[in-house]
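Scroll down for the structure; my scribbles are underneath it.
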Amino acid sequence: MIRNFLCCIVLFLIHITPGFLIAQELPTQALKIKVVTEDTFPIQYLEKGQVLGPATDLVKSVLAEAGLPYSIEVLPWARAYNIALNEPNTMIYSLARTEQREGLFQWIGSVMRLNYYLVGMESLKLSQPITLESLKKFISRE
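What follows is the structure in structure tokens.
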């Protein structure tokens, strides 16, 4: 049976590389954090050239408190994720914390928890246990 899938949306992550560790020894003015995200209203979104939303406010507050200069860029998800994986001094937010991603990032904190539910018509009369494989027959091929 499918259970509620609990997913943490994470505040942001730092991809730690040797370049990041070396940069930490320099004055903070020499270190500029590149922050990437996607447009996910209402958590973070782009409006009139400004990145807004509660997750963005939190990221800005943390970086301001740390005294770190930064820039935030809204990108398509695949591009933001690829940059976060491959470029030093890069942070990404909001990101689902999964087992596959656990070791890829330095996790800082949670923005919110989400429960995901699978909903369908009662008339479907699904056999138990319900698996993702058993649901594939209901996918429209149009």
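With the working numbering, letter number 125 in the sequence shown gets 284, and the count goes up by one each step, no holes.
The beta-carbon is built from N, C-alpha and C at its ideal position, and this holds for glycine as well.
{"query": "Go ahead and pull the three-state DSSP assignment for T215.", "result": "helix"}
{"query": "Measuring alpha carbon to alpha carbon, tell me which of T249, L244, D198 ends up nearest E261.", "result": "L244"}
{"query": "In chain order, what residues of the same chain lie with their CB nearer than 6 Å to the CB of I298, ignoring the 5 residues before and after it?", "result": "none"}
{"query": "Among M271, T290, I267, which one has its Cα closest to the Cα of L277?", "result": "T290"}
{"query": "Whole-angstrom Cβ separation of V218 and V194, contact assumed at under 8 Å?", "result": "6 Å"}
{"query": "Do you know how far the Cα of G212 is from the Cα of P201?", "result": "6 Å"}
{"query": "Could you check whether A239 and E197 sit closer than 7 Å to each other, using their CB atoms as the reference points?", "result": "yes"}
{"query": "Given that a residue counts as buried once 16 or more other Cβ atoms are within 10 Å of its Cβ, and exposed if not, what is L273?", "result": "exposed"}
{"query": "Buried or exposed: which applies to T257, given that a residue is buried once 16 or more other Cβ atoms fall within 10 Å of its Cβ?", "result": "exposed"}
{"query": "Have a look at E224, S253, I267, V221 and flag the residue whose alpha-carbon is nearest the alpha-carbon of Q203.", "result": "S253"}
{"query": "DSSP three-state call for K193: helix, strand or coil?", "result": "strand"}
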